[in-house]
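Asks: Same order as they appear, the protein sequences are chains A and B. Each residue of the first sequence is one higher than the last, beginning at 5 in the working numbering. Each residue of the second sequence is one higher than the last, beginning at 2 in the working numbering.
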Amino acid sequence: AVSQSLHFVWGVLFTSVILYGLNDDSDGFTLKWLVIVSGLLFGYILFENKIKHPLNFFFTSNLSSEHSLHMFYVKNRSIVQFVIQQMLYLLWIFILNELVTVSDDPWILVGIGLLFLLIFMVSLYALTRKESRSHYPWNRLLKHASTYIVLSAVTLILLQILLQGLELLQLATFPVGAFVTQSPYRMLIALNFVLLLLMKPTNQVIRAVSSKYDPKKDTALTSQAEQDSGFKGAGAMIGNLERLLILLSFFFGSLLSVVAILSIKAFARYKLIAEDPYFSEYFVIGTMLSVLITFACYALLVLLL
Amino acid sequence: MIIETLIAHVVSYFYFQP
Chain A
5 AVSQSLHFVW GVLFTSVILY GLNDDSDGFT LKWLVIVSGL LFGYILFENK
55 IKHPLNFFFT SNLSSEHSLH MFYVKNRSIV QFVIQQMLYL LWIFILNELV
105 TVSDDPWILV GIGLLFLLIF MVSLYALTRK ESRSHYPWNR LLKHASTYIV
155 LSAVTLILLQ ILLQGLELLQ LATFPVGAFV TQSPYRMLIA LNFVLLLLMK
205 PTNQVIRAVS SKYDPKKDTA LTSQAEQDSG FKGAGAMIGN LERLLILLSF
255 FFGSLLSVVA ILSIKAFARY KLIAEDPYFS EYFVIGTMLS VLITFACYAL
305 LVLLL
Chain B
2 MIIETLIAHV VSYFYFQP
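#1: Do we get a CB-CB distance below 9 Å when we pair A/Val295 with the residues of chain B?
#2: Output yes or no for whether 9 Å exceeds the beta carbon distance between A/Phe63 and A/Ile88.
#3: Going by alpha carbons, who is nearest to A/Leu167 out of A/Leu118, A/Leu252, A/Ala194?
#4: Can you grab the Cα-Cα spacing for the pair A/Arg273 / A/Arg211, in whole Å?
#5: DSSP three-state label for A/Ala270, please.
#6: Is the beta carbon of A/Gly47 sitting closer than 9 Å to the one on A/Leu100?
#7: When burial is assigned at 16 or more other CB atoms within 10 Å of the CB, is A/Pro110 buried or exposed?
#8: Tell me the DSSP secondary structure of A/Asn101 in three-state form.
#9: Please tell me whether A/Phe120 and A/Ser69 are closer than 9 Å, where the distance is taken between their beta carbons.
#10: On the three-pair Cβ rule with 8 Å, is the segment 251 to 261 of chain A touching the segment 299 to 308 of chain A?
#11: Using CA atoms only, rank isn't needed, just tell me which of A/Lys220, A/Phe271, A/Val213 is closest to A/Leu289.
#12: Following the continuous alpha helix (DSSP H) through A/Pro281, name the residue where it begins and the one where it ends.
#13: Are the C-beta of A/His11 and some C-beta of chain B separated by less than 9 Å?
#14: Are the C-beta of A/Val16 and some C-beta of chain B separated by less than 9 Å?
#15: Which of the three DSSP states is assigned to A/Thr226 in this structure?
#16: Between A/Val106 and chain B, is there a C-beta pair that is closer than 9 Å?
#17: Please classify A/Asn207: is it buried, with 16 or more other beta-carbons within 10 angstroms of its beta-carbon, or exposed?
#18: Would you please verify whether the beta carbon of A/Phe46 is less than 9 Å from any beta carbon of chain B?
#19: Helix, strand or coil: how does DSSP classify A/Lys204 here?
#20: Label A/Val154 either buried or exposed according to how many other C-beta atoms from any shown protein chain fall within 10 Å of its C-beta, with 16 as the threshold for buried.
#21: Consult DSSP for A/Glu70 and reduce its assignment to one of helix, strand or coil.
#22: Do we get a CB-CB distance below 9 Å when we pair A/Asn60 with the residues of chain B?
#23: Looking only at its chain, what residues have a beta carbon closer than 6 Å to the beta carbon of A/Thr298, apart from the 5 residues adjacent to it on each side?
#24: Look at A/Lys216 and A/Lys79 and say whether their C-beta atoms are less than 9 Å apart.
#25: If you follow the alpha helix (DSSP H) that A/Lys147 is part of, which residue opens it and which one closes it?
#26: Could you name the residues of the segment 182 to 202 of chain A whose beta carbon sits closer than 9 Å to any beta carbon of chain B, in the order they occur along the chain?
#27: Counting only the same chain and skipping the five closest in sequence on each side, list residues whose C-beta sits under 7 Å from that of A/Ser20.
#28: Taking C-beta pairs closer than 8 Å, name the residues in chain B that A/Ser20 reaches, listed in chain order.
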């Protein structure tokens with residue numbers, strides 16, 4: 005639990021440094037961002053250590069076994085838990101944003117931020133004491149810190165260059181009208197958010213949903229399936245590229261290339277699809293989910309731009 | 002503001018977990 009929390013802390017620090025570097029300090033961004041970052045840390049550690057397990061226990065024990073919802077929950081346990089967790093996080097994020105907009109006095113923001121940070125530090129300290137019973141390895145902390153500082157610097161420079169490039173792009177005539185009306189910073193943020201959603205989270209969701217239909221889980225088919233699949237991690241890469249290309253074709257309105265992308269994917273596995281009905285069903289479910297999520301992301305992008 | 006918060010959440014929750 006401690007190492008997971010530490011990874012989350014590093015992630016939040018990394019992104020907050022980059023986003024802070026991209027922003028100019030207009031209408032008190034620094035203070036608001038401080039409150040939001042400390043609130044995210046506080047919410048994570050509170051949820052993972054105090055709310056998550058009681059919540060899961062509540063759902064498993066309180067739904068009576070005759071109820072149809074119980075069957076649904078037992079069958080899709082991991083997905084339901086994932087969705088509920090993300091909904092709670094989303095709620096917390098909305099609450100944080102409301103908190104930031106409501107209070108005008110900067111000292112209130114400072115107070116809230118410090119309170120969140122204090123509770124977070126104390127609970128993280130208590131967790132480390134409970135789990136390791138020895139003092140924290142400072143060597144590893146320094147290593148992580150230096151890696152993330154270098155990484156965030158590189159990312160920040162790249163994003164700044166992109167931002168300047170977008171400013172130049174707005175001067176040229178571009179086929180998409182949305183590019184002209186928005187400020188470059190908003191465009192960069194929206195594009196980044198949609199791209200980030202499209203990669204690893206979507207992979208995890210598709211894997212969770214379609215794992216019920218995975219033919220490799222069946223022991224009789226295991227040896228054959230392992231023989232036929234190629235590199236490890238190639239499936240995730242194919243999925244990422246497919247979603248990226250489909251998003252681009254939606255964005256520029258050329259729907260015919262979607263057909264080409266999907267048929268290339270089917271060609272690559274044609275032997276398995278033709279011979280193994282289980283695999284073809286699994287393949288179709290995965291691909292359809294992928295296209296569905298890509299379309300949802302495209303709609304989100306249009307709404308954001 | 003809210004998109005920035007969502008980005009921070011997505012990156013640290015999905016990309017930084019081992």
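Cβ atoms here follow ideal geometry from the backbone N, Cα and C, with glycine treated the same way.
Replies: Concretely, from the data shown:
#1: no
#2: Taking a C-beta distance under 9 Å as the contact criterion, A/Phe63 and A/Ile88 qualify as a contact pair.
#3: A/Ala194
#4: 18 Å
#5: helix
#6: yes
#7: exposed
#8: helix
#9: Contact: no.
#10: yes
#11: Here residue 289 of chain A is Ile; the residue named in the question, Leu, does not match the sequence. The candidate whose alpha carbon is nearest that of A/Ile289 is A/Val213.
#12: 281 to 308
#13: A Cβ of chain B is located within less than 9 Å of the beta carbon of A/His11.
#14: Yes, A/Val16 lies at the interface with chain B (some Cβ there is under 9 Å from its Cβ).
#15: Residue confidence for A/Thr226 is low, a pLDDT of 45 falling below 50, so the modelled location carries little weight and cannot support an answer.
#16: no
#17: buried
#18: no
#19: helix
#20: exposed
#21: DSSP places A/Glu70 outside both helix and strand once states are collapsed to three, so it counts as coil.
#22: no
#23: Arg247, Ile250, Leu251
#24: yes
#25: 142 to 175
#26: Of all residues in the segment 182 to 202 of chain A, Arg190, Ile193, Ala194, Asn196, Phe197, Leu200, Leu201 have a Cβ within less than 9 Å of some Cβ in chain B.
#27: Excluding residues within five positions, the ones whose Cβ falls inside 7 Å are Trp37, Val41.
#28: Ala9
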